[in-house]
Structure formats: C-alpha cells, structure tokens
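Quick notes on the structure that follows.
2 protein chains.
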Amino acid sequence: MTTPNPNPTIRRLDVASPVPADIDIANSVEPLPIADIAAELGLKPEHFDLYGKYKAKVLLSVLDELKGQQDGYYVVVGGITPTPLGEGKSTTTVGLCQALGAFLDKKVVTCLRQPSQGPTFGIKGGAAGGGYSQVIPMDEFNLHLTGDIHAITAANNLLAAAIDTRIFHEASQSDKALFNRLCPANKEGKRRFADVMLRRLIKLGISKTDPAELTPDEVRRFARLDIDPESITWRRVMDVNDRFLRKITIGQGPDEKGMVRETGFDIAVASEIMAVLALTTSLSDMRERLGRMVIGNSKSGEPITADDLGVGGALTVLMKDAIHPTLMQTLEGTPVLVHAGPFANIAHGNSSIVADKIALKLVGKGGFVVTEAGFGSDIGTEKFMDIKCRYSGLVPQCAIVVATIRALKMHGGGPDVVAGKPLDHAYVSENVALVEAGCVNLAKHIANTKSYGVNVVVAINKFASDTEAEMDVVRNAALAAGAFDAVVCTHHAHGGKGAVELGLAVQRACESQSDSLKFLYPLESGIKEKIEAIANSYGASGVEYSEQAEKQIEMYTKQGFSNLPICMAKTQYSFSHVPSMKGAPSGFVLPIRDVRASIGAGFIYPLVGTMSTMPGLPTRPCFYEIDIDTATGKVMGLS
Amino acid sequence: MTTPNPNPTIRRLDVASPVPADIDIANSVEPLPIADIAAELGLKPEHFDLYGKYKAKVLLSVLDELKGQQDGYYVVVGGITPTPLGEGKSTTTVGLCQALGAFLDKKVVTCLRQPSQGPTFGIKGGAAGGGYSQVIPMDEFNLHLTGDIHAITAANNLLAAAIDTRIFHEASQSDKALFNRLCPANKEGKRRFADVMLRRLIKLGISKTDPAELTPDEVRRFARLDIDPESITWRRVMDVNDRFLRKITIGQGPDEKGMVRETGFDIAVASEIMAVLALTTSLSDMRERLGRMVIGNSKSGEPITADDLGVGGALTVLMKDAIHPTLMQTLEGTPVLVHAGPFANIAHGNSSIVADKIALKLVGKGGFVVTEAGFGSDIGTEKFMDIKCRYSGLVPQCAIVVATIRALKMHGGGPDVVAGKPLDHAYVSENVALVEAGCVNLAKHIANTKSYGVNVVVAINKFASDTEAEMDVVRNAALAAGAFDAVVCTHHAHGGKGAVELGLAVQRACESQSDSLKFLYPLESGIKEKIEAIANSYGASGVEYSEQAEKQIEMYTKQGFSNLPICMAKTQYSFSHVPSMKGAPSGFVLPIRDVRASIGAGFIYPLVGTMSTMPGLPTRPCFYEIDIDTATGKVMGLS
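Take a look at the structure:
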C-alpha cells in the first residue's frame, strides 16, 4: 500500500492533526504544472489547451484518436439523504481517486461539476472537496474556472434578449416589412435566407430556398413567430445569489412602448443550456440541441425554438469552448475533469457526458473513472441512471452511497441540523440507537441504487467523534440491505491513504459486475407513467397533479415530447416532497405543482412543490471573509 | 522598406483585390503560437499564462522586472467626428503597428480595448480591425477573450445583490440582531470583526477592534447602513444588447415581502468596475478603488461604499485575473495587448493603463506603443489626456487623428449616413467641395488635440472611391490647421505595407516631441469650472444645468469629491450635444441633464442629454449569420 508509485506526478501528503482549514491545506501544496498531469494521462499537446499554469481544456478531438481504446471502470458516487451541512460526497469522490491513483497504482480520473459562484460568495462556500481530499488550486476551481458558466450565462441571455426584441419588432411591423428586414436585399437587389432560416422553413413545410418565391401566406408564417408572451418559459440567468431578481417586470423604459412583462432570473446553473452542456455528446449534437430549445409557444400553440429566432448558431458559437472539459488535479496529483454544474434538486445534477467519455478512454481498461451525482440516490443517482446514462449509453459497474453517522442520526430522529448553528450534543457523542433507527434511510438508498443492476458500495465518511460501535451498526445494516461492501474512510483527515480500503472494495465491485443497466422506466411510456414510476421509487403511494400540471402534460404530449426522460425538481432533504420527513417515508402522495420541459437538453421536469431557482444571500455572506493578499496575490477566506 | 525583417514572428501577407470579407482574411492566416510572440517580446514563461494557443495573459509582475527599462514612444489614435459606420480607427491602429513592426523594424505593441459581445451579436459586429489590418484569431478577440468582461459582470452584480439584500435584512432586524449576525460568536463565544469591517469602523471614526467594546450607538452606526433606496446609482449589468432590461422593477417575488424597487441593467462595459480596470495601476490600487466605489447614500446623506457592504475584497478576488492584459497578434505577427473595453460615449473609452505601461516597458527605448481612444478627439482623446494620462503619469509623444473622405463629406453638408442603408452617391464619387467644407471638423480636432502639447499626425484612411484631388484638400487643410503631418494610408487593402508612410511620420513626430502634457483643466477647480472648460473645448458658448444636475454637483462637492476629473457622457456624432450638428458647431449651450460619479474609478460624469447605456437588437441581428462549422469547429459569419 505504500510502494513507491511509478507515476511521477503523484505527490505524498504530510498530514497535520487536527485538520487545518481547507484553504490553508490547499495553499500549502504547490500544484504541479497541469501540462505534466496531461502528459501523464497520455494527452498530446494538440489535445489540450492551457488556461494558465494549473488548468487546461481537454479538447473533444481526443475522442477521435482514442476511439479504439477500451473504456475503464465507471463508478458513480451518490449519497444518503443529506443534512444541510452536506455529507462529504465531493470529498469522498476526490479521496477515493487519490487512493486509487496515489496508493493503488490505478489510472484514475475524477469527474466533478463546476461549482456555481453564487453559493461561493453566499452561504455554502466552495465545492472542491475538503481537508486532505481536494481539487487544487481551490480558488481557481471555485471562481470562473475556464469561463464555462459565463458562456452559458451569455448564451442564455442572448436568447432571452432575442425573444423580447422579436416580440417588440413584430408588434410594430407589417408582415412584408418584417420579411424585408429579415431577408434584406443586397447591392444587386437580391434577397437570400440565412442558413438558420432554412431550418424554420423546413419546420413550416416550406421547401423553397429563394425568398422571392414565397407566397404572402408563407411570408407571414415565416416572418411572424407570433410568440404568446404568457407562454414564455425562458428566463434570464445570472451566476449570483440575487433574490431580488426572482420576479421582476421588464420593459418599463419609455422606448419599449409599454410592452412590459413579468419574468425573472434563475441562477445560471439552472439554465437549460447548462443541461445541454452536461448531456451533449459532440459539437454537432450541441448545435442541434441548442437550436431546438423551446422558449414558449406561438399564440396558436406551436412550440417556438431558438432556431426559429435565428440564434441557435450564435448560441453554439458562444458555447464552442465550454464544450471542452477542464483538467485540474487533486492534492495528491491525480487528474480531475471539471465540467458542467447543474444543481441536482432543480436540474439533473451530474457532470458532463463528454468529460466521462473522455475520462473512460484516457484511463483505459482496468482504469477507473469516478463521477459524482448530486445529493441522495433519489436525486442525483436516479437522474444519472435514467437520464445521463440513457443519453450516453455508458454503464456504471459500481455505485457508491456516501453516509455519515451525523446524517443517519438525523434520520433516526435526532434534532434539526441547521447550517451556521452549533450541532446538538447527539451528533458529537455516541448514540447507537439513533444511528440504528436512521439506517432505514441508508437501506432504501442502497435498494434503490441496486435496482439499476449495479453493485453498491457504502462509504462511511468518518468524523472525529464517530465511534466504532456506531460504525459497526452502519456496516451491518448496509450489508443486510444488499450492499456489496461497506467501508469506513478517513480521507478528509488522511487524504488518499484514508480511502484505500474503499478503493479496494470499489475495485472488487467493478470486477464482479456484468455490464447491464435496468432503467426505472421505459421512455415510451407516457409522462404520467414515468412520473409515477419515479414517485413509487421514492415510497409514494400516489401522485397528485395540479390543474396547471395536467394542462402542461397534455400540451407536451400533444406537441410530441412525451417520449423524453423525466427530471424531477424535488427537495434533497427527504425521499418525499416534505423536507422534514426523514428516514424512509412511505404512503405519502407526491404533489406535482407544474410540469416544464427542456426540449433541447432532452427532458421533462415536473416541479414537486415549490423549488427556488435563485438562492439569496444571508445577512453575513461568505464574501465578508474573502479578500486578496495584494502582496502575494493569494486569495484569502474562501471556504 | 522591404528588407527582410529579422523578427522571426513577422509574417508577410499575400493580399487579394478586391479585399475579401474580414472573417475570410482572418481565417486564411494561421496564427502563430502566442508563446512565440511572447518570447519575441522578451517575456519569460513566468510572466505570462497561456489561454489556449493564441491568447496569453501577461502578468503584472513583469513590471517589477522591467522597472529599470526606459519607456518607448507613446502614440494615441483618435479620430474626427465619425459617421455611424466608423472611420476605421481600430483598423488604422492595427495597420500602423503592422507597418512599424513588420516593415520598419521597430519594436511595437498595439493596445486595444476588448469589444463588448452585445454589439458583436447585434448591429455593429466585431472590433478586431478590418481588411488586412486585423487582430487574430478574430473570433477569439470578439468572444469571451480571457473572460475579463465576464469577471466584471460577476463582480458588478454581486455588489448589486449585496445592496438589495442588505436593505432587506436591515428592514427586518434590530440593531443588535444585525450586529450579532454580522459578527457571530465562535465556539468559544468570542466575536471578531472581519478585516473589511475594520475599514468601515475607521470611516466611522471608531477605533475599537473588539466587537464586545462597541457602545449600542456604535453598534447601530456600524451595523445599519440605512441605505436610501432612492439614492442608489448602482445598476446591474449584462454583456448583451437587452433593451427590455433598461428599466425594470425588482423584488416582486412573494418572499421579498413587497420591497419592490425600480432599477435597470446597463451593458457590462458601462460598469464602473470596467472603468476601475481601465484606470487602475496595480492590484493593491484596484483593491482600494473597488472598495471605495459608492453605490448610493445613507438616508442621512453619507456615501455608502462597497467596503461598507463588506464586499470590496470579494470583488477584487473576482477581478484578480482580469487585471492582467491579454496578448494577441496582428495578421502580420506583431503583438497586441487587449485590455478593458469602456465605451467612449458613456464612459472614458480607453484601454487600460496597465496594458500601456507594460507595453511601454516591453518595447523599450525607440519602440512604439500605439493605443486607441474611442471616437473623436472631443470624446476619447480628451478623456485619454485629462483622465487616463492624469492617473498614469504617462505622456504621449504623438496623437493621430484618423479621417475619412466619407466623414468629411458628411461634415461638409453631405446627406445622412445610416448604418445598414446604401451610401448616397455623394460618398462614392468625387466631390471636392463637400470635402473642403467638411475640413472644419478635422481642423477643430487637430487644434483640440494639439492644445495638449502633443504632435498631431492626420491619417487619411483611404477608401477605393476616394480621389487624389479629395485627399490633397485634406492634406492641405490638416497642415494649415497645425498638424505635424498628414498621410494617406491603405492598410485596409494592403496591411502594414499600406501604412509605412504613416509609420515614418509618426516616428518623426515622436522624435521631435518634448515630453510635456498640458491638461485642459486643473483638478483643483470646481466641478462646474471643469465641465465648462470641456464644454468650451467643444465650441459651446455656455453650459446649462438641470435642477437635478445642480443638486448632484452640490452633493458631490459636499461629500468631498469635487477634485476628481470629469468624464462627459456625450454623443459621439457631434462636437455638441446634438448629433445632427456636424462640422465645427459653436455658440450652442451644452445642457447637463444629470451628474453622476464613479468614485472608485475616480471621475465625475455629467450626462449631456440622454445617453442610452443599454443598446438594443435590430429586427435582423448579426446573430442570424453566425454559426459554427461543426466539422472544422470554425466560426462562420462574424463580421
């Protein structure tokens, strides 16, 4: 276990006890030049672009070269139902990879989501892992990275501006004037369609390619999108926790002639374009997905797309660099691909397909790719299997369920856990009974995850105050619930060395797994059948649809979108829709408040209760502690 | 003039006639690895960070190493009052540098602003120059670049969110509750001030550093900013032409408890943070400027700053990479530094001080730095001299005034020039009388520019239809008005070769110039005196202040900000406030509608008439032509 690793980029950590602050650990380690990490992964210089010394974009073109290569093992990390403090899922993901790469001599790549800057400056802090299991440089990881979220924001908001401006221009122009402006005559008096307009013509069933040949009726149908303002589902986004933008009225300037409209901003990671980035499989696939994103309907009920507005190509151009994942490193010098960052409660919560695909080829046969799915198995893992794997065609060999004694005690009836407030005594002293009672939650996550036909390994993320007796209870409960193995890990305190046993268990689980994946529902069943299959997996006895939800389901079915997978927007704090229902609740009726669709990304998303798509700032946001040491340029106060 | 250049990065162009489309020229030249350009400039690897293969950030740390080096010659490029089509100022800036570097064997750096993505997708297209005088890769130049504008957007909007959320939290909490949340007790029950809070305490005259020692009155003064919502001048920004955000109402969500407020979005380049980036001189200077930005007043009339809100450090962290200029290259392989991008009509319209400083050291004695100032001399050059040079301490040896026959004909009484409409016959056939009449505009720009004590060289940017007789008129008028020289250039059609004579004239002008700079006004005079000095330079006979302007001037004077320079927000289409007053109008009274302040950036900005700070999209925006070739990854349709 401590044989010298032949990989020259591997770094051994000197760990201190008690564990110092995350930023202090991160700053204490000099990262390796990322070009060295890339070279060690076998990447040629033409397959990556440096972004500074410690980040590089791995270009999709590498997939062409590695086409013949076999994939490595594919491991997904999920968790039990978490407390608001988080159960160390990213930390476990990173720690496991440090173990596999730095102690078990495996080729390994960690695939993580890019964090949103909103929470970084708000209440949550960064998302680079913690303790001795982190991605570094952690400030680069948490801020801007290589600009992907900024590109999403720019593209999302260009589309938003195109919508309102188009309505504005259509309101004041005749069909002919509109058409003449859309297809202006050149110096020779000749008009032509832009390429993107041909897509709209095809959609309208008009096979002409010369503007001069259109009949007045065809001119009207082509030029007038006739968007119903009430039907617009496309919102603007911003990567800031700005609660005052949740609901706003726009168009109140005197030049906008009274065309006011109520709308709002979401946090940028909630943009459909983020979901497109996460689920796309190639540049041409991304072009198509961005073009077919639906922003609302025409007054006659036809879905209106980005390509109808003429902007699908421009959106792709804005996203052309964002499609390449970003290479970084762990504290112990193993490679990390950071890409896409959808939240798991309001979106599908998984990093990108292209990053996983590249990683699987780079590690090759016998290597490991470890990817994280947000929150509990009801949230991130379900969407990983039924949405992400369905689109990628990839099959995981092992799923990890991260559990903490703290969260199990909460599920067993422990007092409320509130971020920013001191933990109750129950959580920092032995209480075997609470842990035992809470294991129903773990057991249900194991069973649900296992139902996909994958081996489940439970990782018990050990805190200093956890006792042997408590951990024994969890191990036994996990095995009784059908887990392949259950292992205690101490990667937070010890880095990869603390997750070596977990690494060995994961290796055994992968080696004993046959490649197959059982989805929770077939795509062909109706929207309601699919929602009900998922609700059933939560433990619900039934589903209740609001009038609005019924209307939307009917509309999407009529529009031909009923064969898409389902992405539930649901609280992460319970299997049910009620955050306070801990453990493994059953018999509840799941309410569907509304149903929306991300046609470009490729899913229908029912809203279970009221989910905020724009966080706020507390009275004392994280930003109070964040500053720069102007002498050294080092960032201070990030957590 | 055609001796082989010893510089290995210099590239000779094969020019075609007629001149192909900009994007086709840009795509026809394979850019050199930017690391080669950096090496040729003498930059060591530790002084730049690659961002892909063709962009690099030049780190400010290079200034420490080059401290002993002498500066090169400093040349600013301004223009006459332009038509809406632009007179090729960026193109001339690039062409001149291609001439100096590729044909005259000089060390040269071009300093340009980063273009806003809003107009790139709207009506104007890109800003990388044109024809055979361009910065490449032009798609990289026009899109995202290295993320600086995105960083500005993120920082601007974090501050905006902090303002509204602070008002929200103050409204519902007692002084004590607020204070306890701002300075929470740690596990040992001890409270501490965050470093940024000490700045507020100093401002309040409280010298205590232990929260426990504050009196209830001090607690109230410290914790309650008591922002007057009516006084807030800080707006949100977006790098998109989104006219529907010009005026909006925020806070209409049910959770915001009816705390609605009217505000709006500006285009990102109009953010004060953009002005800070352009005018800062170091990381520590930027930290101070960002912290002292004023967002509005307390109800008792005290200015409230970003540091009062606790966010100055976080803003600096968001801007820590943006402070480094981006290195690119021209078509002929000469180096370009791209940095900051304020519009010249609503802001100060010049690229950054740090880029110019780095460039002057890199080219060294006998080398040339050519920097562009937006629009005419009344706009960009005036602000270059009175604001930018005042803060940098740098002195230009030569100022260029770019003129076109087209624009001079317009000033001589030619018909309206409208973007997107065919040019009138007068502009594409010889009309010496119109040109002659229009030279009053050129003469005034020369005289105004010369008044700073700098040699003025007129660059006549030749179009295919311009005749010898027309150009002779301009040359004569320029010399009569006191220009050091006046030269016809054809860099658009011929690249650097077409600007060799201009390069020689600039060289002579620089060599014959003594280093001194006469500002238009001293900082110590009052706000009104300074406004009037500038108005006088426009040709105005007086200034008229609105009631609101009077009130603001009084307030800023009382707050101690009267010693800042002035940044006029004025139309670029006339020396006056009326776009249709062409030539060199005089006797008009300049109306000041309002007066605002960018305290962090360091200037007062009077609004002359109504200036839009958020452009819109036309019926057929540029984005209709923009797409990606998914087979090659090449961007198509950018102009």
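Chains as they are written, first to last, in this note's numbering: chain A, 31 to 669; chain B, 31 to 669.
Quick reminder that beta carbons are idealized off the backbone N, C-alpha and C, glycines included.
All values derive from a computational prediction rather than experimental measurement.
Nearest neighbour of A/Ile376 by Cα position, chosen from A/Gly394, A/Asp408, A/Pro355 and A/Lys387, turns out to be A/Asp408.
The C-beta of B/Val619 has fewer than 16 other C-beta atoms within 10 Å across all chains shown, which makes the residue exposed.
With a threshold of 16 other beta carbon atoms within 10 Å, A/Glu559 falls short and is exposed. Beyond the five residues adjoining it in sequence on each side, A/Thr662 comes within less than 8 Å, by CB distance, of no other residue in the same chain. When rounded, the separation of the alpha-carbon atoms in A/His522 and A/Gly533 is 15 Å.
Interface with chain A (8 Å Cβ-Cβ cutoff): B/Gly219 is excluded. With the rule of 3 Cβ pairs closer than 8 Å, the region 460-477 of chain B counts as touching the region 496-513 of chain B. Interface annotation, B/Arg436: not in contact with chain A, CB-CB separation never under 8 Å.
Following the DSSP letters along the chain, one finds A/Ala433 inside the beta strand (DSSP E) bounded by residues Cys428 to Ala433.
When the Cα atoms are used, A/Val226 and B/Thr660 turn out to be separated by approximately 14 Å. The residue from A/Gly331, A/Gly294, A/Gly160 and A/Met598 with its alpha-carbon nearest to that of A/Ala565 is A/Met598.
Taking C-alpha positions only, A/Cys540 is separated from A/Gly159 by approximately 24 Å.
By the Cβ neighbour-count rule, B/Thr239 is exposed, with fewer than 16 other Cβ atoms within 10 Å of its own.
Secondary-structure assignment with DSSP links A/Lys87 through a beta bridge to A/Asp79 and A/Thr356. Sequence-distant Cβ neighbours of A/Val92 in its own chain, meaning closer than 7 Å and more than five residues away, are Leu73, His77 and Ile388. Its Cα nearest to that of A/Gln537, the residue A/Leu134 stands out among A/Arg42, A/Asp54, A/Leu134 and A/Val88.
For chain A, the residues of the region 638-667 of chain B that bring a beta carbon within less than 9 Å of one of its beta carbons are Ser642, Met644, Gly646, Leu647, Pro648, Thr649, Arg650, Pro651, Cys652, Phe653, Tyr654, Glu655, Ile656, Asp657, Ile658, Thr660, Ala661, Gly663, Val665, Met666 and Gly667, in chain order. Within 10 angstroms of the beta-carbon of A/Gln282 lie 16 or more other beta-carbons, which makes it buried. Scanning B/Val638, B/Ser592 and B/Ile417 for the CA closest to the CA of B/Lys600 turns up B/Val638. The beta carbon of A/Val504 does not come within 8 Å of any beta carbon belonging to chain B, so the residue lies off that interface.
Distance from A/Ile490 to A/Ala516 at the Cβ level is roughly 7 Å; contact confirmed, criterion being Cβ atoms closer than 8 Å. Between the C-alpha atoms of B/Pro621 and B/Met641 there is a straight-line separation of about 13 Å. For A/Gln582, the enclosing alpha helix (DSSP H) starts and ends at Glu577 to Lys588. Secondary structure of B/Ser237 (DSSP, three-state): coil. Across the structure, B/Ala308 and A/Met611 are spaced so that their CA atoms are roughly 54 Å apart.
With a cutoff of 8 Å on beta-carbon distance, A/Phe198 and A/Phe252 are scored as not near each other. With at least 16 other beta carbons inside 10 angstroms of its own, A/Gly108 counts as buried.
Close to B/Lys277, with beta-carbon spacing below 7 Å, are these residues of chain A in chain order: Gln282 and Gly283. Secondary structure at A/Tyr104: strand, using DSSP grouped into helix, strand and coil. Leaving aside the five residues that flank B/Arg319 on each side, the residues in its chain whose CB is nearer than 8 Å to its CB run, in chain order, Val306, Leu309, Thr310, Gly630, Ala631 and Gly632. Between the beta-carbon of B/Arg626 and that of B/Gln578 there is about 10 Å, and that puts the pair past the 8 Å contact cut. Cβ atoms of B/Glu402 and B/Ser669 stay farther apart than 8 Å, at about 19 Å.
Judged by pairs of C-beta atoms under 8 Å, the region 163-171 of chain A does not touch the region 380-397 of chain A, as fewer than three such pairs exist. With fewer than three CB-CB distances shorter than 8 Å, the region 319-332 of chain B does not count as touching the region 124-141 of chain A. The C-alpha of B/Asp258 is placed about 17 Å away from the C-alpha of B/Thr279.
Here A/Pro333 is bridged, per DSSP, to A/Asn327.
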